[in-house]
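First up is the structure itself, then whatever we jot down about it.
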Amino acid sequence: MTSGLRRTALAETARYPEEFAELYRGAGYWTPETFARFLPARAAEFGDRVAVVGLDARGEQRRLTYRALDESAARIAAGLAELGVHAGDRVVVQLPNIVEYTEVLFAVFRLGALPVFALPAHRAAEIGYFCRFTDAAAYVVAAESGGFDYRNLARDVCADLDTPPAVVVAGDDDVEVTASSPSPRSSVSLDALRTREAFPPAELDPESVAFLQLSGGTTGTPKLIPRTHSDYLYSVRESARICGVGADTRMLVVLPAAHNFPMSSPGILGVLHSGGTVVLAPDPSPDTAFALIEREAITMASLVPPLAMAWLSARARSERDLSSLQVLQVGGAKFPAEAARRVRPELGCTLQQVFGMAEGLVNYTRLDDDEDTIVTTQGRPISAHDEIRVLDDDGAPVPSGGTGHLLTRGPYTIRGYYNAPEHNSTSFTPDGFYRTGDIVRLAEHGCLVVEGRAKDQINRGGEKIAAEEVENHLIAHPAVLDAAVVAMPDRYLGERTCAFVVTEGEAPKALALKVFLRDRGLAGYKIPDKVRFVDAFPVTGVGKISRNELRRALAATFEN
Ligand code: AMP
Ligand code: DBH
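Start counting the sequence shown at 0; every next residue gets the next number (numbering that gives the first Met the number 0).
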């Protein structure tokens, strides 16, 4: 595990040009703070305050103070080090919203190792890819969650890898996870790692990469996003300030904790940086959330639009006292103005729209914006140094107030994906602007309104699906000649997926194709909602598949 391979350097693309680094340091944005010292510093300041409330992997209710969380992280870090995980190593973390997530997160940070943030929905196709592509030294899972056994997933993933990672299991670890893999390494329970001595926080370059976040992406394989200590902590501190987060904040985390939104906008990290309390919801249902809001006097929560709609409709039927709730953040996908308008009168709190991306740029409506701005825009950037360009199809700036492609560059937006030189040459301009793929309009006061999308991605209620990734899996079926995955409008999720498929010989049943994708280990949310068999695809003037034409065909035939 300590071989040269595990030491593969992070691509230089992660580095910001020195002139920009100087600018961001000079402005006081980038500081010497690192994630290794994040929690130790908070524990010194907020020791006995409650940092995290939630269930653990065994379903027990836990409340951890800052000091207890820091002590757990220090001991788990020591255990991980004994397993052979060192500073700079990658650790794939796939945990649900349980308290161990925060313990493991800060343990990995303390070591100076790099978490790779997988989602609970990911399966063997994604996890295997993350482990291989990042040459992961360890993979951390919960034994079981949501009726799914992650020990089996870990076993399947490891069996397919030449150098499988050390598997760490939170909860009951009664299965020999990697026994059948070519290079057997049995799994270890997280609790076994806790018995060690405390590990001292690593000394790290604050401008080095702290972790790898996932992009919803547009390509055949998911892209990984290298975020540095300095850039990310700047966005976390500023987000906390903009969102009014302080030691009295009690945030309910409903979305998957490792997603960039609940992690950093201002999310778990913003609340813990400020001495507040994070309450982890074990499931996203309004019933669970409302009970927790009442019990824990929650002041703030962040949701994707479909969940916000579910809260709105559940509110009328619920007797729960939600009066502590001050701010409801909604982001990840476009929140329609008609729904946005209902938040204040029906939930009794201020709506904050959040338009962000794991690559960097995050926009917020401000808490004191007028109601019209809050309801009809997706907010404005965090930083005075966030550079925004809105360009037409030919790359020329659109006239003020016009609609066009959003490009951005700034103190917390990456300059390149992890080890992806080819993608980087198309996803970034030569002068370092990230092409977001979003179509926006620059409204008054510098607020952005998301009008659409130019990238081949489906946004299924905040869950992003790269068309090409699903198409590649479909094409692997022996009867499938070609496939095109497009979005179809959906009242609840905003969009769902439809796969158009050209087959050879006898067409398989739609259900059989879905099962085929599942068996290939694709995450459930990426399995197409509909499959349509066609003889051929409509093409554009230059012979590319016309996705627009396919979308139009869908609109004409499916009633949603
Ligand atoms: P990712 O790059 O996977 O982190 O996904 C970020 C993308 O999610 C953005 O580029 C947008 O396409 C979409 N997105 C996030 N927040 C919003 C929002 N409030 N309204 C519309 N789209 C959003
Ligand atoms: O969708 C996103 O990726 C997102 C949404 C809101 C995000 O990364 C964020 C805020 O930070």
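Just so you know, even glycine gets a beta-carbon here, dropped at the ideal spot from N, CA and C.
Backbone secondary structure at residue i - three-state DSSP
i: threonine 133; result: helix
i: leucine 160; result: coil
i: phenylalanine 116; result: strand
i: phenylalanine 37; result: helix
i: threonine 220; result: coil
i: lysine 513; result: helix
i: proline 380; result: strand
i: arginine 62; result: strand
i: valine 397; result: coil
i: asparagine 96; result: coil
i: serine 322; result: coil
i: arginine 24; result: helix
i: proline 283; result: coil
i: phenylalanine 45; result: helix
i: arginine 193; result: coil
i: arginine 150; result: helix
i: glutamate 467; result: helix
i: glutamate 494; result: strand
i: leucine 226; result: Note on identity: in this sequence residue 226 is arginine, with leucine being the wrong assignment. The answer is strand: DSSP assigns arginine 226 an E or B state.
i: aspartate 489; result: strand
i: serine 312; result: helix
i: serine 144; result: strand
i: alanine 290; result: helix
i: serine 273; result: helix
i: isoleucine 387; result: strand
i: glutamate 206; result: coil
i: serine 71; result: helix
i: leucine 366; result: coil
i: arginine 14; result: coil
i: arginine 109; result: helix
i: glutamate 462; result: strand
Nonlocal neighbours in the same chain, by C-beta distance under 6 Å from residue i, ignoring five residues either side
i: arginine 14; result: none
i: alanine 191; result: none
i: glycine 445; result: Arg379
i: glycine 127; result: Val156 and Asp159
i: serine 214; result: Lys222, Ile224 and Ala357
i: phenylalanine 515; result: His476
i: threonine 375; result: Ala336
Residue burial classification, residue i (beta-carbon count within 10 angstroms, cutoff 16)
i: glycine 53; result: buried
i: proline 396; result: exposed
i: isoleucine 413; result: buried
i: alanine 178; result: Here alanine 178 scores only 43 on pLDDT, less than 50, and its place in the model is too uncertain to base an answer on.
i: histidine 272; result: buried
i: glutamate 125; result: buried
i: proline 488; result: exposed
i: aspartate 88; result: buried
i: aspartate 161; result: exposed
i: asparagine 547; result: exposed
i: leucine 510; result: exposed
i: lysine 513; result: buried
i: isoleucine 474; result: exposed
i: tyrosine 100; result: buried
i: arginine 60; result: For the record, residue 60 in the displayed sequence is glutamine; it is not arginine. Under this definition glutamine 60 is an exposed residue.
i: valine 541; result: exposed
i: alanine 257; result: buried
i: glutamate 462; result: buried
i: alanine 483; result: buried
i: lysine 525; result: buried
i: glutamate 185; result: With the sequence shown as reference, residue 185 is identified as serine, and glutamate is not the correct amino acid for it. With fewer than 16 Cβ atoms within 10 Å of its Cβ, serine 185 is classed as exposed.
i: glutamate 175; result: The predicted model places glutamate 175 with a pLDDT of 48, which falls under 50 and marks its position as unreliable; any figure quoted below should be read in that light. Result: exposed.
i: valine 90; result: buried
Cβ neighbours of residue i in the same chain (closer than 8 Å, five flanking residues each side left out)
i: leucine 311; result: Ala338, Arg341, Val342, Glu345 and Leu346
i: valine 140; result: Gln93, Leu94, Tyr149, Arg150, Leu152, Ala153, Val166, Val167, Val168 and Ala169
i: phenylalanine 432; result: Glu386, Arg388, Leu406, Thr407 and Arg408
i: glutamate 295; result: Val52, Arg249, Leu251, Thr276 and Val278
i: glutamate 196; result: Arg74 and Ala77
i: threonine 218; result: His422, Ala465, Glu467 and Glu468
i: aspartate 69; result: Leu38, Pro39, Arg41, Ala42 and Phe105
Sequence-distant residues of its chain with Cβ nearer than 7 Å to residue i (five each side left out)
i: serine 144; result: Pro95 and Pro119
i: tyrosine 233; result: Tyr28, Trp29, Pro410 and Tyr411
i: glutamine 325; result: Thr298, Met299, Cys348 and Thr349
i: glycine 460; result: Val303, Pro304, Pro305, Ala332, Leu492 and Gly493
Short CB-CB distance (under 9 Å) between residue i and chain D
i: isoleucine 126; result: Although the question refers to chain D, the structure presented lacks it and comprises just one protein chain.
Note down, one range per segment and in chain order, each beta strand (DSSP E) of at least 3 residues found wholly within the region 232 to 263.
249 to 252
Taking only runs of the alpha helix (DSSP H) that begin and end inside the region 515 to 556, which ones reach a length of at least 4 residues, in chain order?
546 to 556
Contiguous alpha helix (DSSP H) assignments of at least 4 residues, all confined to the region 399 to 458:
420 to 426
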